[in-house]
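With the first letter of the sequence shown counted as 1, position 16 gets the number 16 in UniProt numbering; the numbers rise by one all the way through.
All C-beta atoms, glycine included, are put in the ideal place defined by N, C-alpha and C.
Here's the structure, in structure tokens; my notes come after.
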Amino acid sequence: MDYDDSRMSYTNTFILVSADCPVETGTVPANKKEGKTAHLIQYELLSQNPYRFTQGELIYQVHLLHKQIPQSGIEDSGEDIRLALFAKSHPCLRASMLPKKHGWGVHYDEEGKIAIFPMESEAYQQFVEAGNGGAPDGPKLLYAMRNSRG
Numbered sequence: 001m002d003y004d005d006s007r008m009s010y011t012n013t014f015i016l017v018s019a020d021c022p023v024e025t026g027t028v029p030a031n032k033k034e035g036k037t038a039h040l041i042q043y044e045l046l047s048q049n050p051y052r053f054t055q056g057e058l059i060y061q062v063h064l065l066h067k068q069i070p071q072s073g074i075e076d077s078g079e080d081i082r083l084a085l086f087a088k089s090h091p092c093l094r095a096s097m098l099p100k101k102h103g104w105g106v107h108y109d110e111e112g113k114i115a116i117f118p119m120e121s122e123a124y125q126q127f128v129e130a131g132n133g134g135a136p137d138g139p140k141l142l143y144a145m146r147n148s149r150g
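Have a look at this one:
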């Protein structure tokens, strides 16, 4: 059974960096001594594979890499891992540290496939302009969640 991405994914939507994002340019999330953070894995997967993953596929791949599940374990128990992972809900990328703290806009295309763009890039600005009425089929614009209340 495949996870139903439509429950938690966007299409033709651009997630703007949080209004209180602390950086002025897209930055790579820091690594930790014990291993890669989930946000660094998200960054690596999305920057190296634009428009390859839907949100559900990204969550699954990040989980496998973050938990360092070996290929043999995926082959033997991949479906059980997927079912257990998606037995609980997961936040959308509006809650990710990429747009909240690291300065990356997140684009979901018409199929819900995801790519990231640094906030200082021309592509980021083009999404903003298209979403603000510059294109009849421009993306819906949403801000990432704020880092703090108030």
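Based on Cα-Cα distance, which residue from the options lies nearest to residue i?
i, options, result
"ALA115", "ALA95, SER148, PRO91, THR54", "THR54"
"GLY138", "TYR108, ALA30, ALA144, LEU83", "TYR108"
"SER47", "TYR143, ALA19, GLY26, LYS67", "GLY26"
"ALA38", "ASP20, ALA95, ARG82", "ALA95"
Based on the DSSP secondary-structure assignment, which residues constitute the bridge partners of residue i?
i, result
"ALA30", "Paired residues: none, contrary to the question."
"VAL106", "ILE15, ILE116"
"LEU46", "Paired residue(s): none; LEU46 is not in a bridge."
With a cut-off of 8 Å on the beta carbons, I'd call residue i and residue j a contact; round off their distance for me.
i, j, result
"GLN61", "LEU45", "6 Å"
"GLN140", "GLY133", "What sits at residue 140 in the sequence shown is Lys, not Gln. With 8 Å as the limit, LYS140 and GLY133 do not qualify as a contact, their Cβ atoms being about 12 Å apart."
From residue i to residue j, what does the alpha carbon distance come to, in whole angstroms?
i, j, result
"GLU118", "HIS102", "Here residue 118 is Pro; the residue named in the question, Glu, does not match the sequence. C-alpha separation (whole angstroms): 9 Å."
"VAL17", "LYS32", "23 Å"
"GLU24", "LEU98", "13 Å"
"ASP20", "THR11", "25 Å"
Reducing DSSP to helix, strand and coil, say where residue i ends up.
i, result
"GLY35", "strand"
"LYS67", "coil"
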